[in-house]
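Next up, the structure:
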């Protein structure tokens, strides 16, 4: 499983065998079942997770009890509540598996140590965080300035591979609409 | 003006004199007046900006013509449309000065070169992007799961120094409410 992470880092950075071994030593593997949680709001996030296989969702619950999906994570991406993880404060995210998923977990002291001591590893995370800002910026802009139909059209274009994997109700929650409204939008777009 | 940026980087990284000189050579200074724009949606973002002094806002305009403030930037922070800047595609952000502001500008090829060649500079940007993700994550969570009153209370706690500098109408736009509703919230909170 760790080979998937090493291959992902190697897309961006050249690592020596010694560095690869150091990185291997800092992660542990975990398989979680569909519907299982790796984080719940209110507890401190112990691990940041690389998804070797599978699919998870990060969501928040508002005071009325409504769930809002923030993002989905699939293989070769990272998922976690970064604010809680780096500050070691209570999480605001719930993170739950939508499929049986294989994860590689690392704690904050090890992640900081690897970023401080292996230049290629820090380079990789600079790029991951850069992508993270760009992706959240777009999500924020869409949330604030696009209609539900425009947001759905963007979603289809950007994440066609997710449409078959993620239940409609979770896509609706990501788009900030009801499953019924999403169903109506799908019919409208299909009939165009 | 460039000394402010060097001092900011030096909070996170040790730089040699040669590296400092290389960084100096890659930026140019610009003073912009209140209400002036450094970026408009639809054009490609040429520069990423370090704010040496002043205050700016990044906002989007929806199809009804309503402005939505995404974030405010003050001295010792960065502002720009990262997605447009790194991909050299059309910007979605407008960026406008709320005060006369002193900026340090860098283009994408120079920023990439500095990150690739000066380890301390990449370390600094790894941390800037990491903070960026954490901050956008919180903004997203608040937007999706908190009431307007809760969002305002968070804003007061997190950015007390901005309350006097930023017009109420722009704070209202950031919070996603009307200026009238913000005025009502302020009276309610003051009278508690």
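Protein chains in written order, with our numbering: chain A, 1135 to 1326; chain C, 1135 to 1326.
Ideal placement from N, C-alpha and C gives every residue a C-beta, glycine not left out.
Quiz item: If we cut at 7 angstroms on Cβ distances, does residue 1267/A have a partner in chain C?
Solution: As a working note, residue 1267/A is residue 133 in the first chain. Output row for residue 1267/A: interface = yes.
Quiz item: Taking 7 angstroms as the CB-CB limit, is residue 1145/C close to chain A?
Solution: Mapped onto the second chain, residue 1145/C falls at position 11. With 7 angstroms as the cut-off, residue 1145/C does not count as an interface residue toward chain A.
Self-check item: Whole-number beta carbon distance between residue 1161/A and residue 1229/A, since they are thought to touch under 8 angstroms
Solution: Start at 1 with the first residue of the first chain, and residue 1229/A comes out as number 95. Start at 1 with the first residue of the first chain, and residue 1161/A comes out as number 27. About 17 angstroms separates the two Cβ atoms, so there is no contact after all.
Exercise. Could you name the residues of the region 1200–1211 of chain A whose beta carbon sits closer than 7 angstroms to any beta carbon of chain C, in the order they occur along the chain?
Key: Those residues of the region 1200–1211 of chain A that come within reach of chain C (Cβ to Cβ, closer than 7 angstroms) are 1202 and 1204.
Quiz prompt | Within chain A, partners of residue 1098/C - CB distance below 7 angstroms | solution = Residue coverage of chain C in this structure runs from 1135 to 1326, which leaves residue 1098/C outside it and unanswerable.
Quiz item: In or out: residue 1194/A buried (at least 16 other Cβ within 10 Å) or exposed?
Solution: Within the first chain, the letter at position 60 stands for residue 1194/A. Looking at its Cβ environment, which holds 16 or more other Cβ atoms inside 10 Å, residue 1194/A is buried.
Quiz item: Is it buried or exposed for residue 1271/C, if we count other Cβ within 10 angstroms and need 16 for buried?
Solution: Within the second chain, the letter at position 137 stands for residue 1271/C. So residue 1271/C counts as buried.
Self-check item: Presumed contact (8 angstroms Cβ cut-off) between residue 1235/A and residue 1187/A, rounded CB distance
Solution: Sequence index remark: in the first chain, residue 1235/A carries index 101 (1-based). Sequence index remark: in the first chain, residue 1187/A carries index 53 (1-based). Between residue 1235/A and residue 1187/A a beta carbon distance of about 6 angstroms is seen, short of the 8 angstroms cut, so the two are scored as contacting.
Self-check item: Same chain, Cβ closer than 8 angstroms to residue 1255/A, five either side skipped, listed in chain order
Solution: For the purposes of this step, residue 1255/A is identified with residue 121 of the first chain, where counting begins at 1. Leaving aside the five residues that flank residue 1255/A on each side, the residues in its chain whose CB is nearer than 8 angstroms to its CB run, in chain order, 1143, 1147, 1149, 1153, 1157, 1248 and 1249.
Self-check item: Unbroken alpha helix (DSSP H) run spanning residue 1163/C, endpoints
Solution: The residue you call residue 1163/C lines up with position 29 of the second chain. Taken as a continuous stretch (DSSP letters only), residue 1163/C belongs to no alpha helix (DSSP H), being part of the beta strand (DSSP E) at 1162–1166.
Quiz item: For residue 1172/C versus residue 1209/C, is the C-beta distance shorter than 7 angstroms?
Solution: The residue labelled residue 1172/C in the question sits at position 38 within the second chain. The residue labelled residue 1209/C in the question sits at position 75 within the second chain. Cβ atoms of residue 1172/C and residue 1209/C: not closer than 7 angstroms.
Quiz prompt | Rounded C-alpha distance that separates residue 1205/C from residue 1151/A | solution = To locate residue 1205/C, count along the second chain from 1; it is residue 71. To locate residue 1151/A, count along the first chain from 1; it is residue 17. Whole-angstrom Cα-Cα distance: 43 angstroms.
Exercise. Closer than 9 angstroms by beta-carbon distance: list the chain A residues that pair up with residue 1196/C, in chain order.
Key: In the second chain, the residue the question calls residue 1196/C occupies position 62. Residue 1196/C reaches chain A at 1278, 1279, 1280 and 1281, counting residues in chain order whose Cβ is nearer than 9 angstroms.
Quiz prompt | Under the three-state DSSP convention, the category residue 1302/A falls into | solution = On the first chain, residue 1302/A is found 168 positions in, with the first residue counted as 1. In the structure shown, residue 1302/A falls within a helical segment according to DSSP collapsed to helix, strand and coil.
Quiz item: Fully enclosed by the region 1252–1284 of chain C, which alpha helix (DSSP H) runs are 4 residues long or longer?
Solution: The region 1252–1284 of chain C contains these whole alpha helix (DSSP H) runs: 1253–1279.
Quiz item: So, is the C-beta of residue 1226/A closer than 7 angstroms to a C-beta in chain C?
Solution: Your numbering for residue 1226/A matches position 92 in the first chain. For residue 1226/A, the nearest beta carbon of chain C is closer than 7 angstroms to its own beta carbon.
Quiz item: What span of residues does the beta strand (DSSP E) with residue 1231/A cover, start to end?
Solution: Taking the first chain and counting its residues from 1, the one referred to as residue 1231/A is at position 97. Its beta strand (DSSP E) spans residues 1228–1231.
Exercise. Pair every Cβ in the region 1309–1317 of chain A with every Cβ in the region 1271–1286 of chain A, then say whether three or more of these pairs are closer than 8 angstroms.
Key: For the pair of segments examined, the region 1309–1317 of chain A was found to touch the region 1271–1286 of chain A: the number of CB pairs separated by less than 8 angstroms reaches three.
Quiz item: Got a sec? Which residues, its chain only, sit under 7 angstroms from residue 1231/A by beta carbon, not counting five neighbours each side?
Solution: As a working mapping, residue 1231/A is identified with position 97 in the first chain. Excluding sequence neighbours, residue 1231/A sits near 1166, 1167, 1168, 1169, 1170, 1188 and 1190.
Exercise. Output the distance between the C-alpha atoms of residue 1299/A and residue 1275/A, rounded to the nearest integer angstrom.
Key: Start at 1 with the first residue of the first chain, and residue 1299/A comes out as number 165. Start at 1 with the first residue of the first chain, and residue 1275/A comes out as number 141. Straight-line Cα distance between these residues: approximately 25 angstroms.
Self-check item: beta strand (DSSP E) segment containing residue 1238/A, residue limits
Solution: Translated into the one-based positions of the first chain, residue 1238/A becomes position 104. Per DSSP, residue 1238/A belongs to the beta strand (DSSP E) from 1235–1241.
Practice problem: Closer than 8 angstroms by beta-carbon distance: list the chain A residues that pair up with residue 1220/C, in chain order. | Solution: By one-based count along the second chain, residue 1220/C stands at place 86. Chain-ordered, the chain A residues with CB closer than 8 angstroms to the CB of residue 1220/C read 1264 and 1268.
Self-check item: Assigned secondary structure, residue 1181/A (DSSP; H/G/I helix, E/B strand, else coil)
Solution: On the first chain, position 47 is the one that residue 1181/A refers to. Residue state, collapsed to three classes: strand.
Exercise. Check residue 1193/A in the structure and name its three-state DSSP category.
Key: On the first chain, residue 1193/A is found 59 positions in, with the first residue counted as 1. It is a strand residue.
Practice problem: Tell me residue 1309/A's beta-bridge partners as DSSP assigns them. | Solution: Position 175 of the first chain, counted from the start, is the residue given in the question as residue 1309/A. Residue 1309/A pairs with nothing; no bridge assigned.
Exercise. Assign residue 1137/C to buried or exposed, taking buried as 16 or more other Cβ atoms, counted over all protein chains shown, within 10 Å of its Cβ.
Key: One-based indexing of the second chain puts residue 1137/C at position 3. Classified as exposed, residue 1137/C has fewer than 16 neighbouring CB atoms from the shown chains inside 10 Å of its CB.
Quiz item: In chain order, what residues of the same chain have a beta carbon less than 8 angstroms from the beta carbon of residue 1237/A, not counting five sequence neighbours either side?
Solution: Working through the first chain from its first residue, we reach residue 1237/A at position 103. For residue 1237/A, same chain residues with a beta-carbon under 8 angstroms away, outside a window of 5 residues either side, are 1163, 1164, 1165, 1166, 1172, 1183, 1184, 1185, 1186 and 1188 in chain order.
Quiz prompt | Cutoff 6 angstroms; reference residue 1244/C; Cβ partners in own chain excluding five residues on either side | solution = The count along the second chain starts at 1 and reaches residue 1244/C at position 110. Same-chain partners within the cutoff: 1160.
Exercise. Please report the residue range of the alpha helix (DSSP H) in which residue 1137/A lies.
Key: Numbered from its first residue, the first chain carries residue 1137/A at position 3. Start and end: 1136–1144.
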